[in-house]
Amino acid sequence: MSASTTSVESSSTSSTDSKDTFLYFAFGSNLNSKRIHVNNPSAKRKGVGLLKNYRLDFNRYSERWKGSVATVVPDQDEEVWGALWEIDVKDMDNLDRQEGVERNIYRVFHPTIHVELNETAFHSETDSSFNNKTSSDNETEPAFNNETSSHSETESSFNNETPPSVKTVTARCYELIAIDPPGSDKRPSITYLDVVIKGALESKLPEKYVHKLRRIENNGQTSEYLIDRKVFL
């Protein structure tokens with residue numbers, strides 16, 4: 077991410093939500109604009125965000141996707157890049173249903189996301205309706221090994237000291253709470269991983285992070301249902 081010439085305090089934090097919209101941080105299939113607009117037609121791309129102290133993982137098999145789907149897991153040595161979307165509040169229930177919140181598959185949390193300042197992309201008002209909650213540090217078995225999820229492999233333009241061109245926002249995010257038991261095949265399918273990678277490219281995530289996604293091992297399965305519908309590919 078390029079440096080911004082606009083000067084702000086590095087500690088500035090905002091939810092940047094108006095009464096009619098909210099920010100959503102996507103790291104999986106919803107990186108892909110075709111995917112997110114299936115259930116959330118009001119979604120507008122706002123830029124790239126960074127979730128620190130979490131890692132990307134795959135912990136629940138989806139029959140529709142024919143493989144495991146993505147989540148984020150607390151990890152002090154990792155970080156997850158993703159897309160920030162601004163969505164109308166009227167679509168929030170659609171997003172929750174897509175993520176299986178009512179079925180206790182995913183749960184909502186509101187982490188701090190580091191973003192490059194772009195004042196044309198965010199509201200000027202600060203709304204405090206989101207609490208800055210983080211998930212519990214429950215242990216989850218990684219779906220890929222340390223080599224494929226190495227922190228040193230991630231290209232980060234943010235260091236421990238947030239530069240002046242970066243601000244933090246609170247955004248809606250989802251993490252798996254219904255996970256498969258240890259020993260399960262937690263690899264994503266070819267179809268799911270393809271959607272995620274295409275979404276990462278479309279979102280302009282860092283090149284080294286996209287390379288890291290490409291190195292994730294798939295389970296060799298494809299979702300004919302989704303391919304036939306041509307919804308996401």
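Going by my numbering, the first residue of the sequence shown is number 77, and it counts up by one from there. Even for Gly, the Cβ is constructed at its ideal location relative to N, Cα and C. As the structure is a prediction and not an experimental result, all values here were calculated from the model.
- In summary, R263 is buried, with 16 or more beta-carbon neighbours lying within 10 Å of its beta-carbon over all protein chains present.
- The region 164–198 is shown to contain whole alpha helix (DSSP H) runs of 4 or more residues at 168–174, in chain order.
- The beta-bridge partner set that DSSP reports for L289 is empty.
- The shortest CA-to-CA distance from D256 to any of Y137, R183, D172 and Y250 is the one to Y137.
- Annotation for L277: the continuous alpha helix (DSSP H) segment containing it runs I266 to E278.
- By the neighbour-count criterion, in which a residue is buried when 16 or more other Cβ atoms sit within 10 angstroms of its Cβ, N180 is exposed.
- Separation of the CB atoms of G104 and L160 is rounded to 14 Å, and the pair is thereby denied contact status at 8 Å.
- Beta-bridge partners assigned by DSSP to W161: Y100 and R121.
- Comparing C-alpha distances from N295 to each of K274, F134 and L171 shows the shortest one belongs to F134.
- Secondary-structure assignment with DSSP links R136 through a beta bridge to V145.
- Contact between T97 and D164 holds: CB atoms are separated by about 6 Å, below the 8 Å threshold.
- P282 and K243 have their C-alpha atoms spaced approximately 18 Å apart.
- Residue range V242 to T246 is occupied by the beta strand (DSSP E) that includes K243, with no alpha helix (DSSP H) assigned at that position.
- Within the same chain, Cβ atoms closer than 8 Å to the Cβ of K120 are found at W161, E162 and I163, the five residues on either side in sequence being excluded.
- Here A247 really is in contact with F101; their C-beta atoms are around 4 Å apart, less than 8 Å.
- Assignment of L127 by DSSP, reduced to helix, strand and coil, places it in the strand class.
- L107 sits in a helix when the DSSP states are folded into three classes.
- DSSP places L252 inside the beta strand (DSSP E), whose first and last residues are C249 to L252.
- Around the C-beta of H190, 16 or more other C-beta atoms lie within 10 Å, and the residue is accordingly described as buried.
- About 7 Å separates the Cβ atoms of V148 and R131, confirming a contact at the 8 Å cut-off.
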